[in-house]
Amino acid sequence: MQMISSNTETDQNILLFDEKESENEFAASLYGPFGGYFEQMDEDELPLPTQTFAIEFFNYSLNYSLINPQKCEAETDLFVFILSRPEAQYTRQQIRESWAAHLNQHNATVRFVVGWPLRYDFDRLLEEFMTFSDLILYDIEDTYANLYVKVYVSLQWQRHFCDNAKFVLKTDDDSVVDVGRLRWWVDHEFARRIATHPASVFGGMWKGVKVNREKTHRWYVPRTLYAAKRYPPYMNGPTYLLSNEAVKRILDVTAKVKAVPIEDILFTGILASKMQVHKFSAWKHFRYGKSLYAYEKCRNDSTDGRPVPYVIAIFGLSNPEKIRQAFDELHSVNCSSSWLFIRTLLWQKALNWWKELDDMKRVDNKMAKTPMK
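Start counting at 1 in the sequence shown, then tack on 1, and there's your number in the working numbering.
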């Protein structure tokens, strides 16, 4: 069931795509039918109560339902939501048994965010929901194009059911996070910055990124949705940290902004800029990719002198079998002084350069030996 209503009070609010479709129709054709599936199910199919909420952007609004959740514990001050595909049940279990195994020790609550399955048995999702009580299960179709909707649902869930959390971490199910280390950096660095800038977001920051206007590209955005040539600075999507105040401000302004279907750009770029959310670039904490160095840069704890690595999160683990190993490696990285870290980094880059050069030589030699036809 598709439930999209349009704001059409003025001609300016009716935006055209190829002079044929309104922007809402374009959104529907791009994202597919949105949902309303829970409303169509009887008590035998869905024996749990649901609640209805609304997603509101300037160019469209959407009602959806989610299964009544178990609220965060009162002592929770870090809410972690993990975007996950319906069929990724094994991946979720690997995360539960590795980096998300002891989050309660850090006053943290984790939820996997899963939409309506297109190629997966809903009954299995329902069973998982009742077994682990750690799913945010909602009835909008779970597709790549709807990732930004999934983030909206997650932030809205936090506002309603985990509002006591001071910090909100967004991550993906191909990422690995050392939550204990994150808490240390929150206490020793991020909290100090939030004291000055209550609405803040931390992550690997991209700047000056051009808007893609190629209609066949997965990140295509028409001028009717976003007219500027470049996006405002935004955080790398796999993992970023928001303050509670940042989440509140972002959700407060969505109804005044057109939905751009790229979640990190929309929430940490466009919406965050609209509401003066302060952006802190933190590539040293939120690693690009999944590589770890033999010696990582660290800071000594002023209390007990132990070294604490800067790196908090990595991503890109397409094989769920590797999640536990990756967490073990992240959790047990070796520390180095600054000069040793730089030396290790330069040495690794030199090795990569020599490997690329060697590969080029082999290709040249092979081409030289190949007779011309």
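For glycine and all other residues, C-beta sits at the position ideal for the given N, C-alpha and C.
Assumed close pair residue i, residue j - CB separation to whole angstroms, cut-off 8 Å
| i | j | result |
| --- | --- | --- |
| residue 234 | residue 280 | 6 Å |
| residue 154 | residue 264 | With a Cβ gap of about 11 Å, residue 154 and residue 264 do not count as contacting. |
| residue 283 | residue 203 | 5 Å |
| residue 129 | residue 90 | 6 Å |
| residue 110 | residue 321 | Contact flag wrong, Cβ pair sits at about 22 Å. |
| residue 87 | residue 127 | Going by Cβ atoms, the distance from residue 87 to residue 127 rounds to 11 Å, so no, they are not a contact pair. |
| residue 316 | residue 173 | 6 Å |
| residue 99 | residue 324 | 6 Å |
| residue 66 | residue 40 | 7 Å |
Buried or exposed by the 16-neighbour rule on C-beta atoms within 10 Å, applied to residue i
| i | result |
| --- | --- |
| residue 364 | Residue placement at residue 364 is poorly supported in this model, since its pLDDT is 48, which falls under 50; the coordinates still yield a value, given next. So residue 364 ends up on the exposed side. |
| residue 307 | exposed |
| residue 103 | exposed |
| residue 355 | exposed |
| residue 119 | exposed |
| residue 314 | buried |
| residue 310 | buried |
| residue 288 | buried |
| residue 106 | exposed |
| residue 326 | exposed |
| residue 301 | exposed |
| residue 113 | buried |
| residue 267 | buried |
| residue 36 | buried |
| residue 158 | buried |
| residue 216 | exposed |
| residue 305 | exposed |
| residue 53 | exposed |
| residue 124 | exposed |
| residue 333 | exposed |
| residue 236 | buried |
| residue 49 | exposed |
| residue 101 | buried |
| residue 145 | exposed |
| residue 132 | exposed |
| residue 13 | Low confidence applies to residue 13: its pLDDT is 31, below 50, so where it sits in the model is not reliable, and the reading given next is rough at best. Exposed, by the Cβ-count rule. |
| residue 331 | buried |
Below-8 Å beta-carbon distance, residue i vs any chain C residue
| i | result |
| --- | --- |
| residue 286 | In the displayed structure, chain C is absent; only one protein chain is listed. |
Nearest to residue i (by Cα), restricted to the options the options
| i | options | result |
| --- | --- | --- |
| residue 73 | 169, 122 and 121 | 169 |
| residue 212 | 164, 188, 262 and 175 | 262 |
| residue 260 | 43, 58, 45 and 123 | 58 |
| residue 269 | 309, 249 and 50 | 249 |
| residue 147 | 93, 46, 116 and 161 | 116 |
| residue 450 | 320, 331 and 190 | Because residue 450 is not part of the residues shown, which for the chain are 2 to 374, the question remains open. |
| residue 275 | 290, 301, 247 and 286 | 247 |
| residue 253 | 193, 328 and 160 | 160 |
| residue 205 | 230, 214 and 243 | 243 |
| residue 134 | 166, 94 and 145 | 94 |
| residue 96 | 207, 179, 188 and 61 | 179 |
| residue 285 | 318, 62, 241 and 277 | 241 |
| residue 77 | 333, 62 and 166 | 166 |
| residue 229 | 218, 219 and 209 | 209 |
| residue 187 | 108, 176 and 221 | 108 |
| residue 60 | 218, 258, 219 and 171 | 258 |
| residue 271 | 245, 290 and 231 | 231 |
| residue 318 | 131, 56, 156 and 175 | 175 |
| residue 55 | 330, 156, 312 and 43 | 156 |
| residue 290 | 299, 312, 278 and 256 | 312 |
| residue 75 | 162, 192 and 331 | 162 |
| residue 63 | 299, 337, 278 and 255 | 255 |
| said: Count Cβ pairs between the stretch 280 to 300 and the stretch 133 to 152 that sit closer than 8 Å; are there 3 or more? | reply: Contact check between the stretch 280 to 300 and the stretch 133 to 152: fewer than three CB pairs, one atom from each, fall below 8 Å, which does not count as touching.
| message | Is it the case that the stretch 125 to 140 contacts the stretch 62 to 78, given that we only count it when at least three CB pairs across the two stretches are under 8 Å? | response | As far as the Cβ criterion goes, the stretch 62 to 78 touches the stretch 125 to 140, which means the pair count is three or higher.
| request: Run through the stretch 200 to 269 for me and flag every whole alpha helix (DSSP H) of 4 or more residues, listed as ranges in chain order. | output: Runs of the alpha helix (DSSP H) lying entirely within the stretch 200 to 269 and spanning at least 4 residues, in chain order: 245 to 254.
| request: Check whether the stretch 78 to 87 touches the stretch 169 to 185, counting contact only when three or more Cβ pairs, one atom from each stretch, lie closer than 8 Å. | output: With a cut-off of 8 Å, the stretch 169 to 185 and the stretch 78 to 87 count as touching, because enough Cβ pairs lie within range.
| Entirely enclosed beta strand (DSSP E) segments - the stretch 289 to 323, minimum 3 residues | Taking only runs of at least 3 residues, the beta strand (DSSP E) segments lying wholly in the stretch 289 to 323 are 297 to 301, 308 to 310 and 314 to 316.
| request: Answer yes if the stretch 189 to 202 comes into contact with the stretch 215 to 225, meaning at least three C-beta pairs across the two stretches below 8 Å, and no otherwise. | output: Taking 8 Å as the limit for Cβ pairs, the verdict is that the stretch 189 to 202 does not touch the stretch 215 to 225.
| Which whole runs of the beta strand (DSSP E) in the stretch 44 to 120 are 3 residues long or more, in chain order? | Runs of the beta strand (DSSP E) inside the stretch 44 to 120: 51 to 57, 62 to 68, 79 to 84 and 109 to 117.
| message | Please give the ranges of any alpha helix (DSSP H) in the stretch 169 to 205, keeping only runs that are unbroken, at least 4 residues long and fully inside the region. | response | The stretch 169 to 205 contains these whole alpha helix (DSSP H) runs: 180 to 186 and 192 to 197.
| In chain order, each alpha helix (DSSP H) run of at least 4 residues that lies wholly inside the stretch 133 to 171 | Scanning the stretch 133 to 171 for uninterrupted alpha helix (DSSP H) segments of 4 residues or longer gives 148 to 162, listed from N- to C-terminal end.
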